[in-house]
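Structure first, commentary second.
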Amino acid sequence: MFGFLRRDKENSEVTSETDNENSTELSNESSTPAIKSGASFTPAGARKQVSSPAPAQAEEASPAVIEVTQEEIKEDAAKETRADIQQDNTEIEKPEEKPTEVKGGSSFTPPTAEEWAKAKEESSFVYLKDSLDKTRAGLTDGMADLLLGKKVIDEELLEELEMRLLTADVGVEATDRIITDLTKRISRNELKDPIALFNALCDDMVEILQPVDQPLVIDETKSPFVILVIGINGAGKTTTIGKLAKRYQAQGKSVLLAAGDTFRAAAVEQLQTWGERNEIAVVAQGTGADSASVIYDAIESAKSKNIDIVIADTAGRLHTQMNLMDELIKIKRVMGKLDDSAPHETLLVMDAGFGQNGLIQAQQFNEAMGITGLILTKLDGTAKGGILFAIAEKLGLPIRFIGVGESIDDLREFHATEFVDALLDKIPD
Numbered sequence: 001m002f003g004f005l006r007r008d009k010e011n012s013e014v015t016s017e018t019d020n021e022n023s024t025e026l027s028n029e030s031s032t033p034a035i036k037s038g039a040s041f042t043p044a045g046a047r048k049q050v051s052s053p054a055p056a057q058a059e060e061a062s063p064a065v066i067e068v069t070q071e072e073i074k075e076d077a078a079k080e081t082r083a084d085i086q087q088d089n090t091e092i093e094k095p096e097e098k099p100t101e102v103k104g105g106s107s108f109t110p111p112t113a114e115e116w117a118k119a120k121e122e123s124s125f126v127y128l129k130d131s132l133d134k135t136r137a138g139l140t141d142g143m144a145d146l147l148l149g150k151k152v153i154d155e156e157l158l159e160e161l162e163m164r165l166l167t168a169d170v171g172v173e174a175t176d177r178i179i180t181d182l183t184k185r186i187s188r189n190e191l192k193d194p195i196a197l198f199n200a201l202c203d204d205m206v207e208i209l210q211p212v213d214q215p216l217v218i219d220e221t222k223s224p225f226v227i228l229v230i231g232i233n234g235a236g237k238t239t240t241i242g243k244l245a246k247r248y249q250a251q252g253k254s255v256l257l258a259a260g261d262t263f264r265a266a267a268v269e270q271l272q273t274w275g276e277r278n279e280i281a282v283v284a285q286g287t288g289a290d291s292a293s294v295i296y297d298a299i300e301s302a303k304s305k306n307i308d309i310v311i312a313d314t315a316g317r318l319h320t321q322m323n324l325m326d327e328l329i330k331i332k333r334v335m336g337k338l339d340d341s342a343p344h345e346t347l348l349v350m351d352a353g354f355g356q357n358g359l360i361q362a363q364q365f366n367e368a369m370g371i372t373g374l375i376l377t378k379l380d381g382t383a384k385g386g387i388l389f390a391i392a393e394k395l396g397l398p399i400r401f402i403g404v405g406e407s408i409d410d411l412r413e414f415h416a417t418e419f420v421d422a423l424l425d426k427i428p429d
């Protein structure tokens, strides 16, 4: 821009000089007689040569003077100025136009399948970590200060660690195992500082949970594969069944639901709502109907329609209600009439908030029904998530899933290392 202004100023000076020169010529020629109207006109570009002859030549030849009006001089000067400006404009270099880079073009590299999987895994881990905030608060909050404030491992540090494990409902057996192992390793000088102690704690916790890290595998040779869901009132059985159904449906499997909780009308309606929402068939009868009969009809229907999976709901009951526990045994016996290996999976749904009371429930249900897997729900709302360690250490029952929220995707497969990492995430390495 500044270059253009300088050129404009130079053009103005040239125009001024031209006007002054022409004015001088007019004053010198004013005494010369005017040329007749038939005389030819010389263009402005040649005027300097004609109007300024050498003195000697002017005397020898007849003077040929061109009469030019003031308006013509101004017009010629303006034409010259416009021509100069136009020439300058053509000399101005236009900025090179670069092609617009379009996202998604050759310069954009989409993430690979491995990168997508890693990003999804990281996001999933962060969500799990956030869901375990309450349990982590009771177990690990303040432990970082405790560990970093100690330069050596002493008895006071071990006692504090033991107290925190028990408070989080890790259980006496699991806590004793952890503290005993840490004490032995300290005596062998394997652990020389609190940070090494923390890393050893993580390893011991994973070691306890590793044997129960057993995801549920659907045996495709069983048609249908029957899952019987049991538990006490309020544990979240019906909601969990809906999430399971959606999970398997997303895997391309056909699913049928059996509304076996005939004691509670709302349970049947709730299961039917889940079925309608996900376009899954539900076999149901009226309130008060025989639960074993409903489940029998569901399995029979699934066989005739080549359904892959049947998930059967049951009424909630306390482990102390022996007559209701006997009803579960009856359901299992009736299933055997259609398939002597059914149910192929007996899932106990437990509210993690029950803590050590949940351990007693699991023992009683296991004795009556032979539990093959556990689902721990509502881990996001309790500080007693340590119950998983107690169950693993004392019962050794496979933990299939954990529930960390209300949405369908909040029912997650259980993995020992992931769980421990999320639980202890706030402690520095």
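Residue numbers (UniProt numbering): 1 to 429.
We treat Cβ as the ideally placed atom computed from N, Cα and C, and that holds for glycine.
Just so we're clear, the structure is a prediction, and the values are computed from it rather than from any experiment.
- Separation of Asp181 and Glu207 (C-alpha to C-alpha, rounded to the nearest whole angstrom) is 11 Å.
- For the pair Ile218 and Val229, the CB atoms are not nearer than the 8 Å cut-off.
- Met205 counts as buried, since at least 16 other C-beta atoms from the protein chains shown sit within 10 angstroms of its C-beta.
- Of the residues Leu324, Val212, Lys243, the one whose Cα lies closest to the Cα of Thr262 is Leu324.
- Assigned with DSSP and collapsed to three states, Ile153 falls in coil, not helix or strand.
- Excluding its 5 nearest sequence neighbours in each direction, Ala312 has C-beta neighbours in its own chain below 6 Å: Leu228, Ala258, Gly260, Ile295, listed in chain order.
- Only residues of its own chain outside the window of five on either side were considered, and among them Val283 have a CB closer than 6 Å to the CB of Asp297, listed in chain order.
- A direct Cα-to-Cα measurement between Glu220 and Asp308 gives close to 8 Å.
- The Cβ-Cβ distance between Leu374 and Pro398 falls below 8 Å.
- By the CB criterion at 8 Å, Gly403 and Lys378 fall inside the cutoff.
- Boundaries of the alpha helix (DSSP H) around Glu300: 291 to 304.
- For Gly358, the enclosing alpha helix (DSSP H) starts and ends at 356 to 369.
- Sorting Pro224, Leu147, Thr238, Thr417 by C-alpha distance to the C-alpha of Leu347 places Thr238 at the top.
- Around the CB of Lys332, 16 or more other CB atoms lie within 10 Å, so the residue is classed as buried.
- At the C-beta level, Pro211 and Ala392 come within 8 Å of one another.
- Cβ-Cβ separation between Phe401 and Phe389: approximately 17 Å, too far for a contact (criterion under 8 Å).
- Straight-line spacing of the CA atoms in Asp409 and Asn189 works out to 45 Å.
- One alpha carbon belongs to Val255, the other to Arg264, and they sit about 23 Å apart.
- Here DSSP, grouped into helix, strand and coil, assigns Glu173 to helix.
- Out of Ile299, Ala368, Asp340, Asp351, the CA that lies nearest to the CA of Gln321 is found in Ala368.
- Following the DSSP letters along the chain, one finds Thr240 inside the alpha helix (DSSP H) bounded by residues 237 to 250.
- Around the beta carbon of Glu279, fewer than 16 other beta carbons lie within 10 angstroms, which makes this residue exposed.
- In the three-state DSSP reduction, Arg188 falls in the coil class, being neither helix nor strand.
- In the three-state DSSP reduction, Glu220 falls in the coil class, being neither helix nor strand.
- Burial of Ala302 is indicated by the presence of at least 16 other C-beta atoms within 10 angstroms of its C-beta.
- Its chain contains Lys237, Gly316, Leu348, Val349, Met350 as the residues whose beta carbon lies nearer than 7 Å to that of Gly231, once the 5 sequence neighbours on both sides are disregarded; these appear in chain order.
- Within the same chain, Gly373, Pro398, Ile399, Arg400 come within 8 Å of Gln214 by CB-CB distance, once the 5 residues on both sides are set aside.
- The Cβ atoms of Trp274 and Ala245 sit closer than 8 Å to each other.
- One thing to note: Gly396 has its Cβ no nearer than 8 Å to the Cβ of Ala352.
- For Val172, the closest of Gln356, Gly288, Lys192 by C-alpha to C-alpha distance is Gln356.
- For Val283, the uninterrupted beta strand (DSSP E) segment begins and ends at 281 to 283.
- The alpha-carbon separation between Ser293 and Phe365 amounts to approximately 22 Å.
- The Cβ atoms of Ala383 and Ala137 sit closer than 8 Å to each other.
- In this structure, DSSP gives Glu406 a state outside helix and strand, which the three-state scheme calls coil.
- Contact annotation: Val226 and Ile299 have beta-carbon atoms nearer than 8 Å.
- With a cutoff of 8 Å on beta-carbon distance, Arg164 and Leu197 are scored as not near each other.
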